[in-house]
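Shown next, in structure tokens, is the structure this report addresses.
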Amino acid sequence: MQTFYDTLTNLAPDAFNDVVVATVVQVEGSAYRQPAARMVIFADGQSVGMVSGGCLEKHVVQRAFWLTRDGASLQTYHTDAPSDDDLTLADIEHNFGLGCQGTVHILFERLSHANAAPLLDTFAQVMHTRTPQRMATIIRATTTNCALAIGRHVALADGTDLACGLGLGDGWRLVKRTPASRKSRHSIEHWQQTNTTQAQQFAALVETIEPPPHLVIFGAGQDSAALVQLAKWQGWHVSVVDARADLAKPSRLPLADAVLHLSLDDIEHNAQPVQDLLTAYPKTAVAILTHSLRQDQVWLKHALTASPLPVYIGQLGPRYRTEQLLTDLAHAYPELQPIFAQAQQILHAPMGLPIGGDTPEAVALSTVAQIQAALSQLAAPTLV
């Protein structure tokens, strides 16, 4: 999401006509990317993002500008491998015979500064407020109503139905709402006009655009660099915190979105900065790797008492070390013992999946994978 938003906002106003956005709007069966995956295609053949695992991209880039010569276009791509007898002439060029047994519907739209505004405004709202936003995109229509032009985007406030958001007035009803794919949290809404003798219908992808996950890394040592890099490749927002001024320098971790020096003495008198950091995003993960018992105890205490809790807390080091940290915290803050006990359900110690390896890169890989599983609410094995 962040890369898509940054790519479009960095364009000059007169450059939008040389850009096509391809969006996966619906998936049937198996597919690598899910609905709301986006790809930006430039006139020179360069692109940002992916709408598949690499199997459709060449075709998409080659055809994007031709497909949008007369406006937005919805295309269907088959990734199964039927016999030639099963294919119509119209299907042949869009059947890739990959054996994935899936169908992918992709919306192509040539951007202009005007029609990109609702799209960019919605993404900007997500980034600036750090709260999810709903947006609808028209993907099919059997009407000449310009309000229902394919590719039109409209932001939807909480509680606002699509017909109202589009300004259609009375006479429209929601006929069907289906998941955009079997894995998707987004939906396809089918609407029909009821006060006319002609069949007036349209369908739209209704998606919830969420801010990126926020990874807070406590510890700016050498091993943090690999974790920062892998997290940024995932598209996460990454903040690094350390109480040691010589380590907490942006120049040491240039890929991080923020590198903060928070002294333990200052935090003892005013914990608000660290609490704000832990609750700035709806989905926050915490990785503690300071290699300092005193720092680990402070940061672990704040992570375990954050409200709302992070979706993931990982503590580097052997299990007995973390058990000692928890014992010390219980003795120092007996009134917080019930909170500590409840929060330990999301504490991973040692952090990371059991994949083997002891390099910073291997630890980072295992940690990012474990965090991704937590974000996806999937159970994953733990280190012992």
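Numbered per UniProt numbering, the sequence shown spans residues 1 to 384. Every residue gets a Cβ at the ideal spot worked out from N, C-alpha and C, and that includes glycine.
- Here tryptophan 191 carries a strand assignment [DSSP, helix/strand/coil].
- When Gln133, Leu293, Gln337, Gly357 are compared, the shortest CA-CA separation from glutamate 207 is found for Gln133.
- Distance from the CA atom of valine 311 to the CA atom of glycine 317, rounded to whole angstroms, is 20 Å.
- When DSSP states are grouped into helix, strand and coil, methionine 135 belongs to the strand group.
- Taking a cut-off of 8 Å on C-beta distances, the region 209 to 224 touches the region 270 to 288, as three or more cross pairs fall below it.
- With a 10 Å radius around the Cβ and a threshold of 16 neighbouring Cβ atoms, tryptophan 66 comes out exposed.
- Counted as a single uninterrupted DSSP element, the beta strand (DSSP E) harbouring isoleucine 41 occupies residues 38 to 42.
- Taking C-beta atoms as the reference points, alanine 72 and glutamate 28 fail to come closer than 8 Å.
- By the C-beta density criterion, arginine 177 is exposed, having fewer than 16 other C-beta atoms within 10 angstroms.
- Distance from valine 175 to glutamine 192 at the Cβ level is roughly 5 Å; contact confirmed, criterion being Cβ atoms closer than 8 Å.
- Proline 179 is bridged by DSSP to Ser187.
- Look at histidine 291 here: in three-state DSSP terms it is coil, with no helix or strand label.
- Around the beta-carbon of glycine 53, fewer than 16 other beta-carbon atoms lie within 10 Å, marking it exposed.
- Less than 8 Å separates the beta-carbon of aspartate 242 from that of threonine 290.
- Two segments are said to touch when three or more pairs of C-beta atoms, one from each, lie closer than 8 Å; by this definition the region 133 to 145 touches the region 153 to 168.
- When secondary structure is reduced to three states using DSSP, isoleucine 150 falls in the coil class, being assigned neither helix nor strand.
- For serine 52, no alpha helix (DSSP H) encloses it, and the DSSP letter there is neither H nor E.
- Histidine 331 carries a helical assignment under DSSP once its states are collapsed to helix, strand and coil.
- Only exposed fits tryptophan 233, as fewer than 16 other CB atoms lie within 10 angstroms of its CB.
- Annotation: glycine 49 to isoleucine 106 spans about 14 Å, alpha carbon to alpha carbon.
- Threonine 142 sits exposed, since fewer than 16 C-beta atoms from the chains shown fall within 10 Å of its C-beta.
- Taking a 10 Å sphere around the C-beta of lysine 183, we find fewer than 16 other C-beta atoms and assign the residue as exposed.
- DSSP, read as helix, strand or coil, puts tyrosine 320 in helix.
- Boundaries for isoleucine 267: no beta strand (DSSP E) harbours it, while the alpha helix (DSSP H) harbouring it runs 264 to 269, taken from the DSSP string.
- For the pair aspartate 6 and glycine 352, the Cα-to-Cα distance works out to about 30 Å.
- For glutamine 201, the secondary structure class from DSSP, reduced to helix, strand or coil, is strand.
- Under the three-state reduction of DSSP output, leucine 378 falls in the coil class, being neither helix nor strand.
- Note on geometry: alpha-carbon atoms of leucine 264 and alanine 330 lie some 19 Å from one another.
- Secondary structure of serine 224 (DSSP, three-state): helix.
- Counting C-beta atoms within 10 angstroms of its own C-beta, aspartate 266 has fewer than 16 neighbours from the protein chains shown and is therefore classed as exposed.
- If you check the CB distance, cysteine 100 and serine 181 do not come in under 8 Å.
- Taking a cut-off of 8 Å on C-beta distances, the region 18 to 27 touches the region 36 to 49, as three or more cross pairs fall below it.
- The three-state secondary structure of aspartate 18, taken from DSSP, is helix.
- Looking at the DSSP output, aspartate 242 bridges to His261.
- Bridge pairing for serine 366: absent [DSSP].
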